[in-house]
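The working numbering puts the first residue of the sequence shown at 122, with every later residue one more than the last. Even for Gly, the Cβ is constructed at its ideal location relative to N, Cα and C. In what follows, a structure is listed as structure tokens, so that the remarks can point back to it.
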Amino acid sequence: MLKQIQQQIDRIKGLGATYVDARWYPFEDANYLMMWNGNLKNTISARESGVGVRVLYKGAWGFSASSDLSDLAALFEKAYDNARVAAERVTFPVRLAEKDAIQATFESPCQVNPFDVPLTEKVAFLKEMDEQLNQAGVLQRFCDLTFVRKQIVFVDSEGSHIEKLITEVFSTMEVSGRDSQGATHERKFRLNRHGASRGWESVDKQLYRENAERIVKEMNQVLVADTCPKEDRSVILLPGIMYLQTHETIGHALELDRILGYELAFAGGSFVTLSDFGKLRYGSEKLTARADATLPNSPGSFGYDDDGIPAQNTVLIDKGILVGAITGRQMVEEANARARREIFSGSGGANRATAFYRVPIERMTNINIDPGQEGSLDDIVKSTEKGIILDGDKSWSIGSNREQFHFATEIGWLVEDGKITDVVKNATYKGPTVKFWNSLSAVGDRSTWEVRYVDNCGKGQPNQIMQLGHGVPVCRFDNVRIGE
Ligand SMILES: [Zn+2]
């Protein structure tokens, strides 16, 4: 198959294409199980396989994909024909940043292939966790497991040949109950980076038991708690909400295709302009953010992107100043040309497609915040006069250019004069993005830093759901509006 794909790439190149690549998925397996209130509501098993082909011709892309591999020549010709038609109406001719030809393999760390684990064992695990959650105060309980395993073979007309084997495990436990006014409150646990690998071994019963006990206890505290006050306070974000703050107001705002206006019709744009790079004070001096696809064991670490660029660790915000973006080969060339200066020296290796039948677009890798100097959570609480600790994403509303946000969290703990006092319910906070990041007054050390996984980041038309990670410390922001 590989030989035939290479022959087709050479043939289309010979017809005048400037660039051709193919992503062959010998298999992509997915398995989803969901238990709700003790009942197994869903078990889904799916397998996809096929080839996706990109052809660049006179500055325009053509794409085709099929799971029927019986006529590869026709599949490649379709992509070539699409590119030729598109070339007649191209407005900004596509150029690709330089790259090296690479022969390489990448395997995400996995000890026990979850697809070798019998269904009965997976269902028994869910049943056991459901029983852990079945406690006083809990009205609804939910527990799910998602497994993905895929092989991707990437070949292009510039001499690259990259083979990847990627295994993903995602899981959530959630409980909800009702307060005396009849309002529902929830508390979740998500499986995040745990141990050195991400196979069936990461589904650790002890970890789930501890967290089941914790989320039931915290939800019951919320059910009898007072409502969050409406006022300005310092907010101390734990990783369970800090990851989403980073995702929505740094990650999405710094995707270069959004900055250039390519996602306006669906995902939205960005308040960031090309003239902001190197100048905009995005946050306080305590803020250093990076797109780090080299972080071990995260869904945002995939070895090589779908342009064949090796994983990179790119600084996005350096001590508060905007310096980088989430980029692929195409957008960096267009951004430099439009800005009439070299903002980006090459691809940041962040072009990814969610399946063989989707085109790669710029996606977050691991968008991380560097740990800081302000010690542990206890240390940060001790130095906070009037604050609130927040955790757990409940709902979110974000400006389409990411210029402002409003997040509702699952739980809040008030802080008065350096001490944690009461739990509150309906804890929300909001703000304008740049003002908020500039109010960053404390960043926790490495003991507070955790990697959180995201398995449902949506972008693109047709929509592509992508997986990634966020390594974030506990952070404190001052004078933030809460409770409304
Ligand atoms: Zn997203």
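- Separation of the CB atoms of phenylalanine 148 and serine 170 is rounded to 5 angstroms, and the pair is thereby assigned contact status at 8 angstroms.
- In this structure, cysteine 231 has its beta carbon at no less than 6 angstroms from each heavy atom of ligand 1.
- Rounded to whole angstroms, the Cβ separation of proline 235 and glycine 320 is 6 angstroms, and the two are in contact under 8 angstroms.
- Histidine 591 is bridged by DSSP to Arg573.
- Distance from the CA atom of histidine 368 to the CA atom of cysteine 596, rounded to whole angstroms, is 15 angstroms.
- Within the model, the alpha-carbon separation for valine 453 versus phenylalanine 477 is close to 24 angstroms.
- For phenylalanine 310, the number of other beta carbons within 10 angstroms of its own is at least 16, and it is reported as buried.
- Every unbroken stretch of the beta strand (DSSP E) spanning 3 or more residues and falling wholly within the stretch 470-529 is given here in chain order: 488-490, 507-519.
- With contacts defined by Cβ atoms closer than 7 angstroms, phenylalanine 268 and asparagine 418 do not form a contacting pair.
- At the C-beta level, glycine 470 and alanine 529 stay beyond 7 angstroms of one another.
- Cβ-Cβ distances below 7 angstroms link alanine 222 to Glu279, Gly280, Ser281 in the same chain, with the five nearest sequence neighbours on each side left out; the list follows chain order.
- By the Cβ neighbour-count rule, methionine 122 is exposed, with fewer than 16 other Cβ atoms within 10 Å of its own.
- Residues Thr288, Ser318, Arg319, Gly320 of the same chain have their beta carbon placed closer than 7 angstroms to that of cysteine 231, with the five preceding and five following residues left out of the count.
- DSSP places tyrosine 329 inside the alpha helix (DSSP H), whose first and last residues are 326-344.
- In the structure shown, the three-state DSSP call for glycine 604 is coil.
- Contact annotation, tyrosine 178 with threonine 212: C-beta distance approximately 15 angstroms; criterion of less than 8 angstroms not satisfied.
- Collapsing the DSSP output to three states places serine 562 in a strand.
- For arginine 216, same chain residues with a beta-carbon under 7 angstroms away, outside a window of 5 residues either side, are Glu454 in chain order.
- Residue pairing from DSSP places lysine 271 in a beta bridge opposite Glu149, Ile287.
- Burial of threonine 554 is indicated by the presence of at least 16 other C-beta atoms within 10 angstroms of its C-beta.
- For the 7 angstroms CB-CB criterion, leucine 561 and lysine 400 do not form a contact.
- Per DSSP, the unbroken beta strand (DSSP E) holding glutamine 224 starts and ends at 224-228.
- When distances are taken from the beta-carbon of cysteine 349 to the heavy atoms of ligand 1, even the shortest one reaches 6 angstroms or more.
- Glutamate 307 sits close to serine 297, with the two beta carbons spaced by under 7 angstroms.
- About 3 angstroms separates the CB atoms of glycine 183 and alanine 204; that is less than 8 angstroms, so the two are in contact.
- The C-beta of glutamine 253 has 16 or more other C-beta atoms within 10 Å across all chains shown, which makes the residue buried.
- For the pair of segments examined, the stretch 250-264 was found to touch the stretch 333-349: the number of CB pairs separated by less than 8 angstroms reaches three.
- Take the alpha-carbon of valine 572 and the one of valine 324: they are about 16 angstroms apart.
- By the neighbour-count criterion, in which a residue is buried when 16 or more other Cβ atoms sit within 10 angstroms of its Cβ, threonine 542 is exposed.
- Under the Cβ criterion (8 angstroms, minimum of three pairs), the stretch 473-490 counts as touching the stretch 421-430.
- Nearest to serine 292 by C-alpha distance, out of Lys220, Ile380, Asp427, Arg314, is Arg314.
- Taken from the Cβ of cysteine 264, every heavy atom of ligand 1 lies 6 angstroms or farther away.
- Looking from the CA of glutamine 261, the closest CA among Phe246, Thr475, Lys351, Ile336 belongs to Ile336.
- Per DSSP, the continuous beta strand (DSSP E) segment holding leucine 177 begins and ends at 160-178.
- The beta carbon of cysteine 596 sits no closer than 6 angstroms to any heavy atom of ligand 1.
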